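>
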Amino acid sequence: MQGLMMDYQLTLLPMLERARRLYPKKEIVTKAGPSLERSNYGELADRVGRLANALARLGVKRGDRVATFAWNNLRHHELYFAAPCMGAVLHPINLRLPGDQIVYIVNHAEDQVLFVDPTLLPAVEKLAPHLKTVKAYVVMGDQLPQTTLTPVYSYEELLRAEQPDYAWPALGENDAAAMCYTSGTTGNPKGVVYSHRAIYLHSMGLAMADSFGLVERDVFMPVVPMFHVLAWGTPFVCTMLGAKVVYPGPHLQPRDLAELIQAERITVTAGVPTLWLGLLALLEKERYDISSLRGMIVGGAAAPRSMIEAYQQKFNVPVIHAWGMTEMTPLGTISRLKSYQTSLPEEQQFAFRAKQGTPNMGVELRGVDETGREVPWDGKTIGEMQVRGPWIAREYYRDERSPLSFTADGWFRTGDVITVDSEGFIQIVDRTKDLVKSGGEWISTQEIENAIMGHPKVAEAAVIAVAHPKWQERPLACVVPKPDYKDSLTKQELYDYLRPRFDKMYLPDDILFIEAVPKTSVGKFDKKVLRAQYKDYALPTG
Ligand code: AMP
Numbered sequence: 026m027q028g029l030m031m032d033y034q035l036t037l038l039p040m041l042e043r044a045r046r047l048y049p050k051k052e053i054v055t056k057a058g059p060s061l062e063r064s065n066y067g068e069l070a071d072r073v074g075r076l077a078n079a080l081a082r083l084g085v086k087r088g089d090r091v092a093t094f095a096w097n098n099l100r101h102h103e104l105y106f107a108a109p110c111m112g113a114v115l116h117p118i119n120l121r122l123p124g125d126q127i128v129y130i131v132n133h134a135e136d137q138v139l140f141v142d143p144t145l146l147p148a149v150e151k152l153a154p155h156l157k158t159v160k161a162y163v164v165m166g167d168q169l170p171q172t173t174l175t176p177v178y179s180y181e182e183l184l185r186a187e188q189p190d191y192a193w194p195a196l197g198e199n200d201a202a203a204m205c206y207t208s209g210t211t212g213n214p215k216g217v218v219y220s221h222r223a224i225y226l227h228s229m230g231l232a233m234a235d236s237f238g239l240v241e242r243d244v245f246m247p248v249v250p251m252f253h254v255l256a257w258g259t260p261f262v263c264t265m266l267g268a269k270v271v272y273p274g275p276h277l278q279p280r281d282l283a284e285l286i287q288a289e290r291i292t293v294t295a296g297v298p299t300l301w302l303g304l305l306a307l308l309e310k311e312r313y314d315i316s317s318l319r320g321m322i323v324g325g326a327a328a329p330r331s332m333i334e335a336y337q338q339k340f341n342v343p344v345i346h347a348w349g350m351t352e353m354t355p356l357g358t359i360s361r362l363k364s365y366q367t368s369l370p371e372e373q374q375f376a377f378r379a380k381q382g383t384p385n386m387g388v389e390l391r392g393v394d395e396t397g398r399e400v401p402w403d404g405k406t407i408g409e410m411q412v413r414g415p416w417i418a419r420e421y422y423r424d425e426r427s428p429l430s431f432t433a434d435g436w437f438r439t440g441d442v443i444t445v446d447s448e449g450f451i452q453i454v455d456r457t458k459d460l461v462k463s464g465g466e467w468i469s470t471q472e473i474e475n476a477i478m479g480h481p482k483v484a485e486a487a488v489i490a491v492a493h494p495k496w497q498e499r500p501l502a503c504v505v506p507k508p509d510y511k512d513s514l515t516k517q518e519l520y521d522y523l524r525p526r527f528d529k530m531y532l533p534d535d536i537l538f539i540e541a542v543p544k545t546s547v548g549k550f551d552k553k554v555l556r557a558q559y560k561d562y563a564l565p566t567g
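In this text, residue positions in the sequence shown follow the working numbering: the first is 26, and each later residue adds one.
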């Protein structure tokens, strides 16, 4: 047909170009030790050009994978653009994974060059003999420290030797831009490759007012690591908008975060619930001014309702609950009240806000029962969540397990079990593998643990399935009391708290007090570890 639109490819370079032309003065700040290092989008564009020249000199070609082993910082942000815009594939590695998994990931991705933060050198030195494809290491600092890595280069020395102009290639929107590996699986991690188009559209999707709703005026602090689904795509959307970014580096303790929010007047931040639970505990004891925050985006694991209420009521900070996955670049749903829901009683508003929300524009979603039928929107019937859309993976990277996760009609099987209510809000009931199968019924561990975390004396709670001779499985609650109640909190108190909230069959068969809930490499509750630990736990009978 004649008279149509331009054939304009959705690639990442125009994001960087826009920031360079319109927002060269806007800052990118990194916490480095006690001080803050300040750069801006003008310098970023210049340095990204130098970095692309350096990558080319190191032999990086189109399609080659460029790995990073780094915290959230400016140099990492530079790599987020230099590698994809020159046609290579950025591959941030989850540095908290066990060594054998990192070795698997690097060899499976066939990474050619590996960039590493100076503080993380010892870990990479230990793994280097097993990394089969890495031809060069680059230490992301000013000078080259003593190291056994070879051949090895200093990031700043490489940049100093290059020019800022780079002859950027014309890329196709379906070219690979980046890849990440999933962290939650029991076997080897699975690779997901993001196209330029997926990241571009996902960035537009995040910026929408009913989504993350970021704007140029925001000061955004990504606490979610840049190795966890590309910091949820936020470095791209901030660059696209020219929004100021503040990177915490490796400084992720509640006090570090509170100080950064206060000093830099952060307006929006994002991360997993455990971080924000930690910050909340600090804020309840010590005074920090966090009044600049207009949004705290929480995802990666269920945000306890009690936490959403506490931030709102005590600090007037809206916690915005979102759900996503590595396979989804990652945004799937976000919990924003509809216009007419804002006049509901507060109690009901919180009930909606504690759900994972409605699908972001760009994501199609359905709950499917065992017979393959879509479940009704009744807020009760459970089904497996399946999704499709322009930023959702079609398959895993070179992985035989792919067919298990994708349906014949082109949907991705998330492995999350949901209900959908009459407003279209989804609630994650559990991961399929976390559900407790008791008699013929499914029990949601997330629902019980969220309720327990609503108890004022509880810091963290995780519920797991334990084998039961009569019921097949029954729930066991593992509870971490807040430090002040370590010796005084009793099981009885918790049962008294839960009884009015749950039918008898949903009450945990036992409650254990533990020191801490084990965490995964991205800071979520690691129930695999708890399940293994209490595999043979004898539940009380009678
Ligand atoms: P990852 O790929 O590491 O981001 O993990 C994705 C998984 O984390 C999802 O399949 C969910 O099981 C879980 N998840 C992410 N966000 C949420 C949320 N808001 N509530 C409950 N579970 C979540």
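Glycine included, each C-beta is placed from N, C-alpha and C at the ideal position. Nothing here was measured: the structure is a model prediction, and the numbers come from that model.
Here's a check: name, in chain order, each residue in its chain whose Cβ is nearer than 7 Å to the Cβ of residue 420, leaving out the five neighbours to either side.
427 and 431
> I'd like the list of long-range same chain contacts for residue 485, defined as Cβ closer than 8 Å, with 5 residues on each side in sequence excluded.
299, 302, 478, 504, 505, 541, 542 and 550
> Of all the alpha helix (DSSP H) runs that stay within the bounds of the stretch 157-243, which reach a length of 4 or more residues?
180-185 and 221-232
> Over the uninterrupted alpha helix (DSSP H) stretch that includes residue 116, give me the two end residues.
From DSSP, residue 116 is part of no alpha helix (DSSP H) but of the beta strand (DSSP E) over 114-117.
> Based on Cα-Cα distance, which residue from 142, 393 and 553 lies nearest to residue 451?
393
> If contact is defined by three or more beta carbon pairs under 8 Å, each pair taking one atom from either stretch, is the stretch 99-114 in contact with the stretch 76-88?
yes
> Judging by CA-CA distance, which residue of 468, 495, 293 and 539 is the nearest neighbour of residue 483?
539
> Would you mind giving the Cβ-Cβ distance between residue 220 and residue 200, rounded to the nearest angstrom? I have them listed as a contact below 8 Å.
Confirmed, Cβ separation roughly 7 Å.
> Return yes when the Cβ of residue 468 is within less than 7 Å of the Cβ of residue 494, no when it is not.
Cβ atoms of residue 494 and residue 468: not closer than 7 Å.
> Apart from the five residues just before and just after residue 375, which ones in its own chain have a Cβ nearer than 7 Å to its Cβ?
330, 333 and 334
> DSSP three-state label for residue 558, please.
helix
> Is the distance from the Cβ of residue 507 to the Cβ of residue 536 below 7 Å?
no
> Would the stretch 88-96 and the stretch 168-182 be scored as touching if the rule is three or more Cβ pairs under 8 Å?
no
> Would you list the one or two residues that DSSP bridges to residue 493?
According to DSSP, which records beta bridges pairwise, residue 493 is partnered with 497.
> Quick one: using the 10 Å Cβ neighbour count with 16 as the cut-off for buried, is residue 455 buried or exposed?
buried
> Can you check whether the CB of residue 245 is closer than 7 Å to the CB of residue 268?
yes
> Check this for me: beta carbons of residue 222 and residue 356, under 7 Å apart or not?
Result no, Cβ atoms of residue 222 and residue 356 do not sit closer than 7 Å.
> Just to confirm the assignment, what range does the alpha helix (DSSP H) spanning residue 266 have?
Start and end: 259-266.
> Looking at the structure shown, is residue 521 part of a helix, part of a strand, or coil, going by DSSP?
helix
> Taking 7 Å as the threshold (C-beta atoms), are residue 99 and residue 55 in contact?
yes
> At which residues does the alpha helix (DSSP H) containing residue 302 begin and terminate?
298-308
> Taking buried to mean at least 16 other C-beta atoms within 10 Å of its own C-beta, is residue 214 buried or exposed?
That one is buried.
> According to the neighbour-count rule (16 or more other Cβ atoms, all chains shown, within 10 Å of its Cβ), is residue 354 buried or exposed?
Counting Cβ neighbours within 10 Å, residue 354 comes out buried, since at least 16 surround it.
> Within the same chain, show all residues whose beta-carbon is closer than 6 Å to that of residue 561, passing over the 5 residues directly before and after it, in chain order.
none
> Out of 308, 46 and 184, which has the shortest C-alpha to C-alpha gap to residue 287?
Among 308, 46 and 184, the Cα nearest to that of residue 287 belongs to 308.
> Quick check on residue 31: buried or exposed, where buried means 16 or more other Cβ atoms within 10 Å of its Cβ?
exposed
> Using the Cβ count rule (16 or more neighbours within 10 Å means buried), how would you classify residue 390?
Result: buried.
> For the stretch 113-122 and the stretch 193-207, state whether three or more C-beta atom pairs, one from each stretch, are separated by less than 8 Å.
yes
> To which residues of the same chain is residue 84 closer than 6 Å at the C-beta, ignoring the five residues directly before and after it?
none
> On the DSSP bridge list, what partners appear for residue 388?
Under DSSP, residue 388 takes part in no beta bridge, so it has no partner.
> Is it buried or exposed for residue 37, if we count other Cβ within 10 angstroms and need 16 for buried?
Residue environment: residue 37 is assigned as buried (16 or more neighbouring CB atoms within 10 Å of its CB, all protein chains considered).
> Is it true that the CB of residue 410 sits closer than 7 Å to the CB of residue 443?
Going by beta carbons, residue 443 and residue 410 fall inside the 7 Å limit.
> Among the candidates 76, 126 and 163, whose CA atom is the shortest distance from the CA of residue 192?
76
> Going by DSSP, what residue range makes up the beta strand (DSSP E) through residue 441?
437-445
> Would a C-beta distance cut-off of 7 Å place residue 128 and residue 146 closer than the cut-off?
no
> Which term fits residue 228, buried or exposed, when burial requires 16 or more other beta carbons within 10 angstroms of its beta carbon?
Residue 228 is buried by the Cβ-count criterion.
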